[in-house]
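FYI, the numbering for the sequence shown is 1 to 745, going by the UniProt record's numbering.
All residues carry an ideal CB built from backbone N, CA and C; glycine is no exception.
Please read all numbers here as calculations on a predicted model, not as lab measurements.
Take a look at the structure set out below.
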Amino acid sequence: MNAVITEIPALAHDAGVPPAPPEAHQQADDVRLIPLKRIVASPFNMRRKQPIGIEALADNIWHTGGLLQNLVVHPMKVGAKRAQTYGVAAGERRRRALALLAERGNIPDDYPVRCLVVSVEDAVLMSAAENEMREPPHPADQFEAFRVMVDAGRSVSEIAEIYGTSEQTVRRRLKLARVSPKLIELFRNDEIRIDVMQALAVSDSHDEQERAWFDAPDYDRGAATIRRKLVAREHDFQSNRIALFVGIDAYEAAGGNVRRDLFSDQGTAWYSDHALMERVAADMLETVAATVRGEGWAWVKVIPVFDYATRATLQRLPATAAPPTDEQRQEMDAISARMDAIQAEQEDEEIDEATFERLGDEYAALEHRHVQIEESLQVYTPLQMATAGAVVSIDSHGAPTIERGWIKRDDTEHAQDGDLAADDGADNDDHGADDAASPLARNPAGSPAAAAPAAKGPHSAALTLRLNARRTASISLAIARQPHVALAALVHRFLVSEYAPGSGASAIDIQWRDNTSSVGRHAPELADDLPYRIATEQRGAWAGIIPNDTDALLAWCIEQPDERLLTILAQYVAASLDGLAPDEAPHCINALVPALGLNLADDWKPTRASYFDHVTKARIADVVTAAVSPAEGMRILKLKKDAAAAEAERLVSNTGWLPEHLAAAETRPRELWRKRRAEDDDADDSDATDATDAPDADPANADDRESDVGVVQATPDDANEQDETHHTERNPLADAEAEGMPALD
1 MNAVITEIPA LAHDAGVPPA PPEAHQQADD VRLIPLKRIV ASPFNMRRKQ PIGIEALADN
61 IWHTGGLLQN LVVHPMKVGA KRAQTYGVAA GERRRRALAL LAERGNIPDD YPVRCLVVSV
121 EDAVLMSAAE NEMREPPHPA DQFEAFRVMV DAGRSVSEIA EIYGTSEQTV RRRLKLARVS
181 PKLIELFRND EIRIDVMQAL AVSDSHDEQE RAWFDAPDYD RGAATIRRKL VAREHDFQSN
241 RIALFVGIDA YEAAGGNVRR DLFSDQGTAW YSDHALMERV AADMLETVAA TVRGEGWAWV
301 KVIPVFDYAT RATLQRLPAT AAPPTDEQRQ EMDAISARMD AIQAEQEDEE IDEATFERLG
361 DEYAALEHRH VQIEESLQVY TPLQMATAGA VVSIDSHGAP TIERGWIKRD DTEHAQDGDL
421 AADDGADNDD HGADDAASPL ARNPAGSPAA AAPAAKGPHS AALTLRLNAR RTASISLAIA
481 RQPHVALAAL VHRFLVSEYA PGSGASAIDI QWRDNTSSVG RHAPELADDL PYRIATEQRG
541 AWAGIIPNDT DALLAWCIEQ PDERLLTILA QYVAASLDGL APDEAPHCIN ALVPALGLNL
601 ADDWKPTRAS YFDHVTKARI ADVVTAAVSP AEGMRILKLK KDAAAAEAER LVSNTGWLPE
661 HLAAAETRPR ELWRKRRAED DDADDSDATD ATDAPDADPA NADDRESDVG VVQATPDDAN
721 EQDETHHTER NPLADAEAEG MPALD
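What follows is the structure, given as structure tokens:
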């Protein structure tokens with residue numbers, strides 16, 4: 001028989017704390033102290049699910065000095081000469097927590113536990129009463145309890161340890177405890193949701209919190225709306241490249257105030273003093289610029305936001321590609337290997353949407369780094385560096401970037417250094433200048449500027465680049481066959497440079513940069529595409545024909561007939577096409593599609609390799625629904641990913657279906673703003689020549705003029721001829737010889 005224990009010892013570290021007395025209704029019953037090693041699990045406990053949170057409960061018992069509530073037990077059947085054991089009808093989690101403390105060595109295995117002993121017949125009743133009739137505390141009560149403990153001198157780390165939770169969770173509860181008492185009472189009465197309370201906690205002002213709630217109509221009291229109202233006059237660190245670059249710590253060190261959202265897993269925070277943020281950014285960039293100045297450039301400018309209106313005041317010299325170092329080569333190889341691995345992982349039929357998107361983001365980041373390394377290999381001659389300069393700025397990801405090889409244009413309107421001033425406005429960070437310099441900044445490839453991202457499309461970043469690479473390849477191949485359109489596009493590029501600089505309204509790089517390697521990298525299957533490969537090799541074949549020095553080359557070019565010059569021009573214009581946008585937004589390259597009479601579906605088909613292996617099963621079903629029928633789309637959803645991709649290729653590959661942004665082929669025309677400015681100046685000048693004398697007023701010239709935007713359009717007869725040419729079965733080798741190109745060996 002067990003010895004009777006008349007006093008419960010406190011836990012070792014808290015020996016002066018007396019145990020909690022039994023509840024009133026227990027005092028008349030059989031309440032006794034039983035050694036822990038004699039208490040076991042009971043078959044009559046109504047809870048069958050494995051209990052959770054045992055470690056946290058053990059920590060809580062240890063830090064609060066022992067059990068605050070007794071266990072309810074019943075005698076277990078025992079064999080002869082075996083000690084009596086007791087099953088836990090109510091309090092199994094507490095028993096397990098005590099057992100864990102004993103396992104850790106915090107308490108002995110015979111630690112006395114206060115228990116209410118009931119009969120076996122009452123065990124199930126007691127278990128049901130314990131679990132069913134207990135009401136959990138309201139979250140507001142926990143907020144208040146945490147606040148009281150802090151006011152009593154407890155630290156956040158102590159409270160976290162006592163309750164077996166993270167310090168971040170404790171800070172969040174304390175933040176909610178500082179919300180207006182009026183609003184906490186509404187929350188306690190279930191009149192405000194927890195997500196709205198978290199939004200209200202963004203502000204520490206009770207007045208602001210109460211105005212945000214009580215002044216808003218019922219339909220406008222959502223968490224996002226309230227949060228937006230409370231930070232309306234502040235700037236988000238995550239949406240501004242300058243703030244991303246500076247960071248919270250540097251901004252605070254400079255004396256700036258930061259408002260944090262403790263309930264955001266992305267570290268959302270806001271700041272109010274953008275002028276201070278810009279000064280800190282400029283100081284940090286100056287440190288980078290000091291290093292660049294040591295390279296020997298004629299000038300180095302710090303321009304935090306190097307927008308395209310500012311770029312229009314400069315011109316970039318061509319660089320020579322240097323071979324990568326061993327370290328760079330290893331990093332590029334590692335990046336390429338990881339990108340291949342990501343593509344393989346995304347093709348897994350069991351992949352979930354979140355993982356697919358995460359891998360897509362990682363792929364985009366690796367792609368960005370690969371491009372950075374390639375750009376760093378561009379080198380300039382000492383003669384170029386003697387007149388050119390470098391710009392130190394911040395890219396859209398908030399990283400410092402250095403662009404070398406810029407010279408100022410001869411145009412005196414833009415020759416002053418003042419035109420190189422950075423964009424002042426926090427809200428116009430990535431939208432380009434808001435003055436007359438350029439009505440809407442665009443990126444070099446012609447997509448919208450970085451701070452106004454297009455809505456998320458159905459494709460990953462890697463697949464979007466792949467699709468846009470195939471679009472570029474198709475248009476490049478077509479334009480190389482049509483010198484007239486190549487010439488028109490080139491003239492269009494010149495006119496755009498003159499009358500709408502910075503608009504990004506042309507996809508042709510006037511300095512001539514060979515973009516075929518980038519296109520091939522994003523669409524590796526082009527290496528096996530015979531027409532595209534022949535066109536690429538054909539351009540390279542001129543190396544065996546042209547002279548060996550630049551003066552002789554000019555003489556050679558002058559001697560060539562126009563037909564041959566146009567052929568060469570078309571090939572090089574084609575190679576310079578840049579349609580590799582990372583998004584699915586309207587793009588200026590699409591303006592060339594109707595001019596070329598091109599149908600992208602003739603060059604690209606949705607197969608497993610080109611499309612279906614790179615999207616989710618839900619997307620496959622959407623495509624089949626759109627291209628074939630809803631019934632087939634529903635059937636696809638019932639298949640495994642691998643089978644769904646194969647079946648989708650069978651059903652869709654010959655339907656002419658294209659991804660939405662390729663099928664729409666949308667463009668965004670830009671105004672020739674310098675032409676408008678000149679016309680406005682002429683209208684205001686009292687000595688201006690009468691409009692009827694202007695060349696443009698001559699009706700005879702009307703048909704020769706190009707429209708304000710877009711490329712020169714072919715006539716209906718030309719278009720018919722182009723369509724007929726495009727759809728006729730072609731022999732690429734015969735075409736090359738017929739068009740006067742050098743023959744391949």
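Query, Result
"In angstroms, rounded to a whole number, what distance separates the CA positions of R338 and G405?", "32 Å"
"Out of K301, H63, I589, point me to the one whose CA is closest to A581's CA.", "I589"
"Output the distance between the C-alpha atoms of L359 and G457, rounded to the nearest integer angstrom.", "16 Å"
"Which stretch, first to last residue, makes up the beta strand (DSSP E) that contains P400?", "400–408"
"How about the region 141–153 and the region 54–72: do they share at least three Cβ pairs that are nearer than 8 Å?", "no"
"From which residue to which residue does the beta strand (DSSP E) around H138 run?", "Looking at the DSSP string, H138 is not in any beta strand (DSSP E), and its letter there is neither H nor E."
"In whole angstroms, give me the CA-to-CA distance for M46 and A128.", "6 Å"
"Mapping the DSSP letters down to three states, classify Y111 as helix, strand or coil.", "coil"
"Name the DSSP beta bridge partners of K301, please?", "V391"
"Is it the case that the Cβ atoms of A280 and V246 are separated by a distance below 8 Å?", "The sequence shown places Val at residue 280, not Ala. Contact: yes."
"Within 10 Å of its beta-carbon, does D578 have 16 or more other beta-carbons around it, so buried, or fewer, so exposed?", "buried"
"Evaluate P304 with the Cβ neighbour count: other Cβ atoms within 10 Å of its Cβ, from every protein chain shown; 16 or more gives buried, anything less gives exposed.", "buried"
"Taking 6 Å as the limit between beta carbons, can you name the residues of its chain near H25, skipping five residues before and five after?", "With a pLDDT of 38 at H25, under the threshold of 50, the modelled position of that residue is not reliable, and the figure given next carries that caveat. Excluding positions up to five away in sequence, the list is empty."
"Give the DSSP bridge partners of D236, in chain order.", "W270"
"Might you give, ordered along the chain, the residues of its own chain that have their beta carbon closer than 8 Å to the beta carbon of E739, omitting 5 neighbours on each side?", "Note that E739 scores a pLDDT of 47, beneath 50, so its modelled location is shaky; the value from the coordinates is reported in the next line. The answer, listed in chain order, is R481, T567."
"Where residue 754 and V624 are concerned, what is the direct C-alpha to C-alpha distance, given to the nearest angstrom?", "It is not possible to answer for residue 754, since the shown part of the chain is limited to 1 through 745."
"With distances taken between CB atoms, is the gap from S460 to F356 smaller than 8 Å?", "yes"
"Could you spell out where the beta strand (DSSP E) holding Q315 opens and where it closes?", "314–316"
"Determine the contact status of A591 and T667, defining contact as a CB-CB distance below 8 Å.", "yes"
"Who are the near neighbours of L230 in its chain, counting only those whose CB is closer than 7 Å to its CB and skipping five residues on each side?", "V202, S203, E208, A212"
"How about the region 156–174 and the region 77–91: do they share at least three Cβ pairs that are nearer than 8 Å?", "no"
"Tell me the rounded alpha-carbon separation between V148 and Y271.", "31 Å"
"So, at 7 Å on beta carbons, what are the nonlocal neighbours of E286 in its own chain, with the 5 sequence-adjacent residues on each side left out?", "V302"
"Looking at the strands, I want to know which residues DSSP matches up with Y86.", "I39, P75"
"Count the other CB atoms, across all protein chains shown, that sit within 10 Å of the CB of V371; report buried if there are 16 or more and exposed otherwise.", "exposed"
"Opposite L33 in the DSSP bridges: which residues?", "R114"
"Nearest-angstrom Cα distance between D340 and L366?", "11 Å"
"In whole angstroms, what separates the C-alpha of R311 from that of V392?", "13 Å"
"Between which residues of its own chain and E167 is the CB-CB distance below 7 Å, once the five residues before and five after are set aside?", "V156, S157, A160"
"Using the Cβ count rule (16 or more neighbours within 10 Å means buried), how would you classify H397?", "exposed"
"Does A321 come out as helix, strand or coil in the three-state DSSP assignment?", "strand"
"L530 to G656, Cα distance in whole Å?", "21 Å"
"Output the boundary residues of the beta strand (DSSP E) element that contains V202.", "Note, V202: premise wrong, no beta strand (DSSP E); not H, not E."
"For the beta strand (DSSP E) that V258 lies in, which residues bound it at each end?", "258–260"
"Roughly how many angstroms separate the alpha carbons of G296 and M385, rounded to a whole number?", "7 Å"
"Verify whether the separation of the beta carbon atoms of I61 and P112 is less than 8 Å.", "no"
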